[in-house]
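For the sequence shown, counting from 1, position 66 maps to 88 in our numbering; every step adds exactly one. From the three backbone atoms N, C-alpha and C, an ideal C-beta is built for every residue, glycine too. Predicted model only: the values in this text are computed from it and were never measured. Notes follow the structure.
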Amino acid sequence: MKMKLFAMISTLGLILLGTGCYSTVEGNSKAGVPWTRDSVVSRYERSIPQMVAVVKGVLIRNGQLVGDNTIAQTLHAKVDGRNVWVKFEDVDGRVTQMTVQARTGGGRPDLDLAIELDRQIAVTLTTGGR
Numbered sequence: 023m024k025m026k027l028f029a030m031i032s033t034l035g036l037i038l039l040g041t042g043c044y045s046t047v048e049g050n051s052k053a054g055v056p057w058t059r060d061s062v063v064s065r066y067e068r069s070i071p072q073m074v075a076v077v078k079g080v081l082i083r084n085g086q087l088v089g090d091n092t093i094a095q096t097l098h099a100k101v102d103g104r105n106v107w108v109k110f111e112d113v114d115g116r117v118t119q120m121t122v123q124a125r126t127g128g129g130r131p132d133l134d135l136a137i138e139l140d141r142q143i144a145v146t147l148t149t150g151g152r
C-alpha cells in the first residue's frame, strides 16, 4: 500500500516537473514544456520591412499566417499544426535580428521546424525572393 502511494506521488511529481509555462517571442506566456530550446536567431543586412515581406511569403508558402503584430514587430503562423512566431529587431539600422520560434500544439518545442523555416528564409533572401 505504501509502495503504491509512493509510486503515484512520484509519478505525479515527474509530470508536474515536465510541464509549466514558456514565453513566446511576442512576450506572451503559454502552457507547455519550459527549459528547452525552441528558437533560432539569425542576423541579416536587410531592413525590417524587407525582412517582414520575405518572411510573410515563406510562412504563407508553408502554412497559414495567423497574426501580424506591427507594434511588437512579430508574425504568428500555423505550419503543419505547429505554432511559429517570428520576431524582428533592429540592431544598428542596417542589420535586422530575426528570431524564429516553433512549438507543437501541446507546447513542446519543435527546433527542427524553426531551423527549416530559418533556412528557407535565408535561401529566399539570397535568391531575391524567387
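Check                                                                                                            : Outcome
Assigned secondary structure, Ala136 (DSSP; H/G/I helix, E/B strand, else coil)                                  : helix
Assigned exposure category for Met120 - 16 Cβ within 10 Å defines buried                                         : buried
Spatial neighbours of Arg52 in its chain, beta-carbon cut-off 7 Å, leaving aside the 5 residues before and after : One detail in the question is off: residue 52 reads as Lys in this sequence, not Arg. Cβ within range, chain order: Cys43, Tyr44, Thr46, Gly129.
Beta-bridge partners of Thr96, as assigned by DSSP                                                               : Asn91, Lys109
Proximity below 9 Å, CB of Leu147 to CB of Val101                                                                : no
Nearest residue (CA-CA) to Val74, options Leu97, Val55, Arg59                                                    : Leu97
Contacting residues, own chain, Cβ-Cβ under 6 Å from Glu111 (five flanking each side not counted)                : Gln119
Per DSSP, the bridge partner or partners of Gln86                                                                : Lys100
Gly42 - partner residues in DSSP beta bridges                                                                    : Gly54
Local Cβ density within 10 Å of Val117, reported as buried at 16 or more and exposed below that                  : exposed
For Val117, three-class secondary structure by DSSP                                                              : coil
Identity of the residues DSSP links to Gln123 by a beta bridge                                                   : Ser61, Trp107
Buried versus exposed, by CB contacts within 10 Å (16 or more), Arg125                                           : buried
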